[in-house]
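Asks:
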Amino acid sequence: MNQIPEIPENKSKRDFLQWVLAGGVTAFLGAVLYPIFAYLNPPKQAEVEVSSVKAGKLSEMEKESGKIIKFGTKPVILIRTANDELRAFSATCTHLDCTVQFRKDFGMIWCACHNGKYDLNGRNISGPPPRPLDEFRVVIQGDEILISKKT
Amino acid sequence: MKQRIFIFAAALITVLASRESALANDKCLECHRNTEDKPSALFLNDIHYAKGITCAGCHGGNPNAEEIEQAMDKKAGFIGVPKGDDISKACAACHSSPEKMKSLGSSLPTNQWEFLQTSVHAKLSLKGKDHIAQCVTCHNAHGIVSVKNPASPVYPLNVVKTCSRCHSDIALMRSYNPSLPVDQFEKYMTSVHGKRNAKEDAKTAECASCHGSHDIRSAKDVKSKVYASNLPGTCANCHSNADYMKAYKIPTDQYEKYAKSIHGIALLQKHDAGAPACNSCHGNHGAAPPGVESVSKVCGTCHALNADLFSSSPHKKAFDQRKLPECETCHSNHEIIAATDKLLGVAPEAICSQCHNENQNVKGYQVAKKMRGLIDSLEAVEKRDQELVYEAEQKGMEISEAKFRLRDVRQARLQSRTAVHAFSEEKFAEVISIGLKTSASIEVESESAIREYYFRRIGLAIATLIITLVALFLFLFVRRLEKKQNK
């Protein structure tokens, strides 16, 4: 009986294939694990920019009233005047960043921290505020009030 | 040296000789003197007459002509009485020429006409054409004398009346600027400057000291000497000059202190034109230091809540009895620094400790101590809340409501700083408690968000582990099946 001749082993070729396979598996694992790791450790994020918010229903807002709307992380004051006009301004007092409020008895926007006063056009008229409140755009869609940043 | 003296003497003699000759031949003056008219009488005391300038210098014509027709012949350049801007142009013909002024031995600046063009008096026009004010409006036409001469209408002791001729004329001012006050003169006369000026102290500030002379601009003009951000520097021109102010025996460091104050930084560095300048507290035309009792009222024009609270506080009576200026006692006057919580309490740097200690005014000492404790706790919880909200936010959790409410905690802290002025522990604690309650809710919400994050992360890890194990088991299971098939 003839013996099958033994094929000499090509060691260097096998080593090379093993390295390629190991590298491929490592790259695969990296590609799978990195997104998971990145998800678990989210990067430092900046504040989310908001450009427009819904401010409620027009029918639910009385004349000569105001309310604070959350615009991202900043407050916006929405006012419905006696003349039935809707106006919106940044509710952050330009003096020391307190939140301003509508005062029906004064007929103006008022800051409780240092008695800063603004007229219903957002102009600083009394007290320490150095400049007017930034104005926002108000749009009515049906009964919905939308507030957006002025461009 | 001798040669120089000789040249100077020769030049002087020549100038004087030509002057005498010119005046001797000034037939205009000769005739007008004979008619005994007022202009010619005044002109004899005029600085221009003294310099040898004849009537023709401004009116043109031939001053040497014997006959009136020749003297006042238009061909000889006679212009008669100049009108409107021609008046100032006639003055500027010499006063804007350095050569001519030098030849007359004058060292006066030659930019008055140029400056006048930039002034509010030139910007506003008479009948839409000519400047509202001409040189002669302030300096007179005939009988003009040096500004250093007490007879001059622009001499420091006379200039206020000169300006007020127009500025106190209600009808005239209404036709140009109806909203401009016309009581500046009256107010000035009640001011420290005005009172000294009335006592013939020519060093004290008058209209031109603050507004300028030829280049007077509207107070709203950024180049005006009295524009908000320029005003402290204008006052400092005199008030920071130790030599100039020596006789008055008042400090001269007000500007230096003001520039370092919260008001000065806002105006001079942050360019906030609404920030208080010298005139906000001292007045402008009626400038005077506010009296002890009126300090709080003056500060209260902007800091109204603080002033109201103070007026109803127990400190009001105590300060009045001791004649202590209300706001100034704790906050200083010119060097008002940003009020921090350090001013409150019983620590050595706290203002309260100046009057209250364990042995003296004990009740106030205890209240101050408690109030400081309360505001410190609010500050501490606010800081902790900020950290918690930030942490939750960075972990990707939705925490915007809590972040929004952080504003309320800060606002409560700011309001408590105002509430301090009531010097009432109860009122102060009321404001602080609003902040503490809001802070507690923020803390709960942000801690809950952080816990939720870790819950989700652990959940994800467990889920990933289970999926991995299932995949591994599946692999092993498939392999076993293959082995079975091969057998």
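Order-wise, the sequence lines are chains D and U. Number 55 in this note's numbering belongs to position 55 of the first sequence; there are no gaps in the numbering. Each number in this note's numbering corresponds to the 1-based position in the second sequence with 1000 added. Beta carbons: idealized from backbone N, C-alpha and C, even for Gly. Bear in mind that the values here come from a model prediction, so they are computed numbers and not experimental data.
(1) Could you tell me whether the Cβ atoms of residue 1389 of chain U and residue 1406 of chain U are closer together than 8 Å?
(2) If you drop the 5 nearest sequence neighbours on each side, which residues of the same chain put their C-beta closer than 8 Å to that of residue 1316 of chain U?
(3) Quick check: what's the CA-CA separation for residue 1095 of chain U versus residue 98 of chain D?
(4) Only counting the same chain, and skipping five residues up and downstream in sequence, which positions put a Cβ closer than 8 Å to that of residue 1195 of chain U?
(5) Please list the segments of the alpha helix (DSSP H) lying wholly inside the region 1230-1278 of chain U, counting only runs of 4 or more residues, in order along the chain.
(6) I'd like the ranges of any alpha helix (DSSP H) spanning at least 4 consecutive residues and lying wholly in the region 1143-1229 of chain U.
(7) Under 8 Å, do residue 1345 of chain U and residue 1318 of chain U count as touching if we go by C-beta distance?
(8) DSSP on residue 141 of chain D, reduced to helix/strand/coil?
(9) Would you check if there are 3 or more beta carbon pairs closer than 8 Å linking the region 1290-1310 of chain U to the region 1356-1376 of chain U?
(10) Less than 8 Å between the beta carbons of residue 1084 of chain U and residue 1130 of chain U, yes or no?
(11) Return no unless some Cβ of chain D is closer than 8 Å to the Cβ of residue 1345 of chain U.
(12) Does the Cβ of residue 1411 of chain U have 16 or more other Cβ atoms within 10 Å, making it buried, or fewer, making it exposed?
(13) For a contact defined as C-beta to C-beta under 7 Å, what are the partners of residue 1418 of chain U on chain D?
(14) What is the DSSP secondary structure of residue 1290 of chain U, counted as helix, strand or coil?
(15) Between residue 1196 of chain U and chain D, is the shortest Cβ-Cβ distance under 8 Å, so that the two count as touching?
(16) Sort U:1244, U:1300, U:1278 by Cα distance to residue 1201 of chain U and report the nearest one.
(17) Mind listing which residues of the region 66-77 of chain D have their C-beta closer than 9 Å to chain U's C-betas, in chain order?
(18) May I ask you to list, following chain order, the residues of the region 122-136 of chain D that have a beta carbon less than 9 Å from some beta carbon of chain U?
(19) Spatial neighbours of residue 1288 of chain U within its chain, please: C-beta separation below 8 Å, excluding the five flanking residues on both sides.
(20) Taking 8 Å as the cut-off, does the region 1476-1483 of chain U touch the region 1419-1434 of chain U (at least 3 CB pairs, one atom from each stretch)?
(21) Taking beta-carbon pairs under 8 Å, can you tell me which members of the region 1281-1303 of chain U lie near chain D?
(22) In three-state terms, what does DSSP make of residue 1302 of chain U?
(23) Roughly how many angstroms lie between the CA atoms of residue 112 of chain D and residue 1409 of chain U, to the nearest whole one?
(24) Exposed or buried, what is residue 36 of chain D when buried is set at 16 or more other beta-carbons lying within 10 Å of its beta-carbon?
(25) For residue 1064 of chain U, which residues in the same chain have their Cβ closer than 7 Å to its Cβ, ignoring the five residues on either side in sequence?
(26) Could you confirm whether any beta carbon from chain D is found closer than 8 Å to the beta carbon of residue 1459 of chain U?
(27) Helix, strand or coil for residue 1131 of chain U? Go by DSSP, reduced to three states.
(28) Please identify the residue among U:1142, U:1080, U:1378, U:1109 whose C-alpha is closest to the C-alpha of residue 1037 of chain U.
(29) Answer yes or no: does any C-beta atom of chain D fall closer than 8 Å to that of residue 1487 of chain U?
Replies: Here's the rundown:
(1) yes
(2) 1310, 1326
(3) 58 Å
(4) 1189
(5) 1231-1239, 1242-1245, 1254-1260
(6) 1159-1167, 1170-1176, 1184-1190, 1192-1198, 1207-1211
(7) no
(8) strand
(9) no
(10) yes
(11) no
(12) buried
(13) 113, 114
(14) coil
(15) no
(16) U:1244
(17) 70, 72, 73, 74, 75
(18) 124, 126, 127, 128, 129, 130, 131
(19) 1190, 1191, 1192, 1282
(20) no
(21) 1302, 1303
(22) coil
(23) 14 Å
(24) exposed
(25) 1025, 1027
(26) no
(27) strand
(28) U:1142
(29) no
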